[in-house]
Amino acid sequence: MKVNILLTSVGRRSYLVDYFLEAVLDTDQIHCCNSEYTTSVARGDGYFLSPLIYSPDYVDSIIRYCKERDITAVLSLFDIDLLVLSKNEQKFKNNGIELILAPYESVYLCNDKWKTFEFLKEVGLKTPRTYLSVGDALQAIESSELEYPLVIKPRWGMASMGLYFADNENELKVLFEKSKKDVFSSYLKYESELTKESSIIIQEKLIGAEYGVDVVNTLDSEYFETLAKQKVTMRAGE
């Protein structure tokens, strides 16, 4: 059976487009979309320039393109995209299009770092101490529950945007406000509006080697593989 897939929000991730092009059969097609033209978006078998992710016409524009090109599956390459797409999963299903992503509740949990922290505590997994305000963090420092250096970052962040490290109270206060300013002057503002009054988190800084663990499932939600790797270096979250 012929398989046509649309990759959304490809940005500059040409290497990911190439991986898909190499993996599919000659009869299959990989299409791309992005809100602005990049060399990556043109690498596939077809492409279109979409509205911005939070545009009212974004989802409908994707569905129209899929129906015109006989595309039956959509996969996003951008975290911010996932909330919008997953929230409209039924709309895609009604048009015969499968979204290759987690349910909305899971996407929300993984994107909201405070909710992730609460979930990990609830299931008994160790996680860095996390706070929603400067006041709460200072109170934890005063009670010897927390110590510098501290990590300051957006609650809905990605790609290391708005990420800072504070070594004292003055830096904590200044960088907390700086991170908030970074958020609401970037595309992170859309998700952050969901929790506007608590859009920045403060965490203890853990020292040591960092590992990433990827769990791979099939499209039928069956476990397939676990891949663990030590992170040597990262750029913009990758």
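Mapping of the sequence shown onto my numbering: position 48 corresponds to residue 45, and the numbering continues sequentially without gaps. Positions of the beta carbon are idealized from the N, C-alpha and C atoms, including for glycine.
- Between the alpha carbons of R232 and L185 lies a gap of roughly 18 Å.
- Sorting Q200, Q227, V38, Y145 by C-alpha distance to the C-alpha of V210 places Q227 at the top.
- A distance below 7 Å between beta-carbons, with the five flanking residues on each side excluded, links D25 to the following residues of its chain, in chain order: K(-1), V0, N1.
- DSSP places I149 in the uninterrupted beta strand (DSSP E) bounded by 147 to 151.
- The region 197 to 215 makes contact with the region 143 to 153: 3 or more CB pairs, one atom from each, lie closer than 8 Å.
- Apart from the 5 residues on each side of it in sequence, F45 sits with its Cβ closer than 6 Å to the Cβ of C30, Y62 in its chain, given in chain order.
- Cβ-Cβ distances below 6 Å link K123 to nothing in the same chain once the five nearest sequence neighbours on each side are left out.
- Under the DSSP definition of a beta bridge, D211 partners with L224.
- Here DSSP, grouped into helix, strand and coil, assigns F75 to coil.
- Considering only V213, S6, K175, the residue with the shortest C-alpha distance to L79 is S6.
- In its chain, beyond the 5 residues on either side, no residue has a beta carbon closer than 8 Å to the beta carbon of G205.
- Take the alpha-carbon of G43 and the one of H28: they are about 5 Å apart.
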